[in-house]
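Q: Residues -22 to -1, 1 to 335 (mature numbering (1 follows the signal peptide of the UniProt record, and there is no 0)) make up the sequence shown, in order.
We put the beta carbon where it would ideally sit given N, CA and C, even for glycine.
Since we're looking at a predicted model, the values are computed, not measured.
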Amino acid sequence: MSMHISTLVLAALAMAPLPALAQSSLTIYGIADTGVRYTRGLTTSNAASPSSSTAVSSGVNTTSRVGFRGREDLGGGMYAVFNLETGLNLDTGTPINSSKFFDRAAIVGLGGGWGQVTAGRQTNLLADAISPVDPAGMRFASFNPNIATAALSSHGLGLEYGSAGTTTGSYRLDNSLKYTGRFSGLTARAMYSFGETAQGGSARSSTGAGLAYGTPTWTVSGAYQRFKTADQWELEAATLGASYKWDSLRFALNTARSDAQTSATNGRTVQRVHSVGVTWSPHSTLDLTAALYRVERERSGRVPDGYNRALLFAEYKLSRRSKLYGELDRTSWSGGFQGRQNKDTATGITAGLMHSF
């Protein structure tokens, strides 16, 4: 009799719903993007150069990556999330960041009707604000001035501002808390990154806020963020942009400015990025994008310099996940930004394939 009852109980449990399992999800995802790129006046890593080069390049359209993300409903409108993501050099099979495996994201968080709070390594608010209004659609991250300069991925200042873990850029911050609240068309963001240095206090900390409003046809997005070095030198940055969709066209523009203290004697570097562009989709399988960027730099005791950069992308969708693309870029330096030994102009052309999974 006891065995019969046990069998009935096990059968009932097997047929009963399992809310925790049914409401949980785990996704493995990624992007594989590589192409053949020819440049004149640029190195294979797209730095100014007096010569030409040809190479297999990774991430010209979109950065190659692999990631894991999951969500579990906790009941009462609450949920838990996590995201782990690493960037890849598809041409060599190596991580983009040799010192941080999950360099693109390493977060866990809680959310509900009030918004979402995440903790870990994550993008700054400048990057979040620029994403929906970048004229090139955040393509070619290592070469796109809105990503490199406006969002501080490659600020070129040689100092660690905020808890970035590197002196080359502050696009992502370690030890950070981020709040994101979405209420109808309004998105509000706030972020604080703990410096966690031996100096204590606010050394290498970062504080920011962002706001965006969007409809199916237009979006306005902006953010402000302040970063500190271990010596309490500050970098302040802000961005504001908009995009508008009309039929098969998408127009976008953005302007950004950063002001950084770079020496104990209050030496400063001010950088501005202005951008405008359009994407035309004449067919469901074809996207054509043109974007123009202007970068201006002012440094204490030096002549102002900068450059203009034009990006052209043509993408043909083979399927929902695979596309062929062609890319053409032209850079015109001013004020000797590229270095005296290098050419005043540079050109690049790429043909590639991108697959997402």
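Which of helix, strand or coil does DSSP assign to I74?
A: coil
Q: What number of angstroms, rounded off, separates the C-alpha of Q38 from the C-alpha of D265?
A: In the sequence as displayed, the identity of residue 38 is Val instead of Gln. If I take the Cα positions, the gap works out to 16 Å.
Q: Just the Cα atoms here: how many angstroms apart are E174 and P194?
A: 41 Å
Q: Could you please give me the residues that DSSP links to H133 through a beta bridge?
A: Note: H133 sits in no beta bridge, so no partner.
Q: Would you mind reading off the limits of the beta strand (DSSP E) that contains A269?
A: L264 to R277
Q: Could you tell me how far apart the beta carbons of R228 and L151 are, in whole angstroms, since I believe they sit closer than 8 Å?
A: Actually they are not in contact, since the Cβ atoms of R228 and L151 sit about 30 Å apart, beyond 8 Å.
Q: Can you give the beta carbon distance from A187 to L302, rounded, assuming they're within the 8 Å contact cut?
A: Not confirmed; about 40 Å, so no contact.
Q: For Y294 and A114, I'd like the C-alpha separation in whole angstroms.
A: 16 Å
Q: Which residue from G317, V281, A269 and V273 puts its Cα closest to that of L306?
A: Taking the Cα of L306 as reference, the smallest distance to any Cα among G317, V281, A269 and V273 is reached at A269.
Q: Enumerate in chain order the residues of its own chain whose CB-to-CB distance from A238 is below 6 Å, with the five nearest sequence positions on each side excluded.
A: L135, L213 and T247
Q: Are F79 and T64 touching if we call contact CB-CB under 8 Å?
A: yes
Q: Sort L296, R47, R15 and L62 by Cα distance to H261 and report the nearest one.
A: L296
Q: Out of curiosity, what's the CA-to-CA distance linking A84 and S278?
A: 37 Å
Q: Here's the rule I'm using: 16 or more other beta-carbon atoms within 10 Å means buried, otherwise exposed. How should F335 be labelled?
A: exposed
Q: In the DSSP output, what is W211 paired with across the bridge?
A: By DSSP's assignment, W211 forms no beta bridge with any residue.
Q: What's the C-alpha gap between Y157 and A216?
A: 18 Å
Q: What number of angstroms, rounded off, separates the C-alpha of R280 from the C-alpha of G245?
A: 11 Å
Q: Once the 5 residues before and after D106 are set aside, which same chain residues still bring their CB inside 7 Å of it?
A: Closer than 7 Å at the Cβ level, and outside the excluded window around D106, lie R167, G188 and A201.
Q: Taking the alpha-carbon positions, what's the A230 to N124 distance?
A: The alpha-carbon separation between A230 and N124 amounts to approximately 12 Å.
Q: What residue from A288, Y57, R298 and A329 has the CA that sits closest to N122's CA?
A: With distances taken between Cα atoms, N122 lies closest to A288.
Q: Between the alpha carbons of S36 and S27, how many angstroms are there, rounded?
A: 20 Å
Q: Curious, which full-length beta strand (DSSP E) runs of at least 3 residues does the stretch 221 to 250 contain?
A: 227 to 239
Q: Report the CB separation of S148 from G140 in whole angstroms; it is logged as a contact under 8 Å.
A: Rounded, the Cβ-Cβ distance is 5 Å, consistent with contact.
Q: Using C-beta distances below 7 Å, list every residue in its chain close to T144, excluding the 5 sequence neighbours before and after it, in chain order.
A: Cβ within range, chain order: E138.
Q: Got a sec? Which residues, its chain only, sit under 8 Å from P282 by beta carbon, not counting five neighbours each side?
A: E274, R275, E276 and G313
Q: Helix, strand or coil: which one does DSSP assign to D112?
A: coil
Q: Quick check on L103: does DSSP put it in helix, strand or coil?
A: DSSP places L103 in helix when its eight states are reduced to three.
Q: Which first and last residues belong to the beta strand (DSSP E) in which F291 is found?
A: D283 to K295
Q: Under a Cβ-count criterion, where at least 16 other Cβ atoms within 10 Å of its own Cβ denotes burial, should L164 be classed as buried or exposed?
A: exposed
Q: To the nearest angstrom, how far is it from the Cα of S162 to the Cα of N61?
A: For S162 and N61, the gap between their C-alpha atoms comes out near 24 Å.
Q: Give me whichever residues DSSP pairs with N67 in a beta bridge.
A: N67 is bridged to T72.
Q: Drop a sphere of 10 angstroms on the beta-carbon of T243, count the other beta-carbons inside from all chains shown, and report buried for 16 or more, exposed for fewer.
A: exposed
Q: Shortest alpha-carbon distance to T97 belongs to which of Q210, L155 and D209?
A: The sequence as given places Ala at residue 97; Thr does not occur at that position. With distances taken between Cα atoms, A97 lies closest to L155.
Q: Could you tell me the distance, in whole angstroms, from the CA atom of L331 to the CA atom of N232?
A: 28 Å
Q: Check the DSSP bridge columns for F205 and list the partner residues they point to.
A: S184 and L213
Q: So within the stretch 8 to 74, which uninterrupted beta strand (DSSP E) runs reach at least 3 residues, ignoring any that extend past its ends?
A: The beta strand (DSSP E) runs of length 3 or more contained entirely in the stretch 8 to 74 are, from start to end of the chain, 26 to 36, 43 to 53 and 56 to 67.
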